[in-house]
Amino acid sequence: GYYRLLEHIETHRYLQGQEWEREFTLEEAVVQWVDQVYLPTVEVIRQTGVLEDFPERTEADLYMWIREHYWFLYQEFGDGVELQDAAQHFADHFSSKPLKRIWRWIVDRLPGHHDDPVVHKEQA
């Protein structure tokens, strides 16, 4: 877990260096990553209530999962994917709550069912 967080910080450090055309110290990268990436993601986790779908997990666990899920959705759908959509999509599909999992299983088997769109309608 911690190594993956460090990888996220190092990636952020690299991208900031590319954007600003200078090398960022690890300390600068950590401060910016917390402010620009981690805390906004935790805020989305709190606002959407997805932590309730994973009662034995932490915000840091969900940060990793939702950011990775967001990346995959972004690769598939492009710029129209919002972090809030990715968080809700993740909870809808991977919740550890038994009733939610059963409901998802039923919905997925309905004739003509297509996966929930995660792209905002105005951008689709």
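For the sequence shown, my numbering begins at 13 and goes up steadily by one. Just so it is clear, CB atoms sit at the ideal spot from N, CA and C, and this is done for glycine as well.
Thinking C-beta only, is residue j closer than 8 Å to residue i?
| i | j | result |
| --- | --- | --- |
| valine 62 | alanine 99 | yes |
| methionine 76 | arginine 16 | yes |
| phenylalanine 102 | isoleucine 118 | no |
| leucine 74 | isoleucine 57 | yes |
| isoleucine 21 | valine 42 | yes |
| valine 49 | histidine 81 | no |
Could you spell out the range, first to last residue, of the alpha helix (DSSP H) harbouring residue i?
| i | result |
| --- | --- |
| threonine 60 | 51-60 |
Nearest by alpha-carbon distance to residue i: which of the options is it?
| i | options | result |
| --- | --- | --- |
| threonine 53 | Glu94, His105, Ser107, Phe106 | Glu94 |
| phenylalanine 66 | Tyr50, Leu17, His105, Tyr15 | His105 |
| lysine 109 | Arg69, Gly90, Gly92 | Arg69 |
| leucine 51 | Arg25, Glu39, Ala72 | Ala72 |
| glutamate 64 | Glu33, Lys112, Leu27, Tyr26 | Lys112 |
| leucine 38 | Tyr26, Glu55, Trp32, Gln87 | Tyr26 |
What does the Cβ neighbour count give for residue i, buried or exposed, with the cut at 16 atoms within 10 Å?
| i | result |
| --- | --- |
| glutamine 135 | The predicted position of glutamine 135 is uncertain, since its pLDDT is 48 and thus under 50; a value taken from the coordinates is nonetheless stated next. Classification of glutamine 135: exposed, given that the 10 Å Cβ count is below 16. |
| threonine 60 | buried |
| aspartate 97 | buried |
In chain order, each alpha helix (DSSP H) run of at least 4 residues that lies wholly inside the region 22-108 = 38-45, 51-60, 71-89, 95-106
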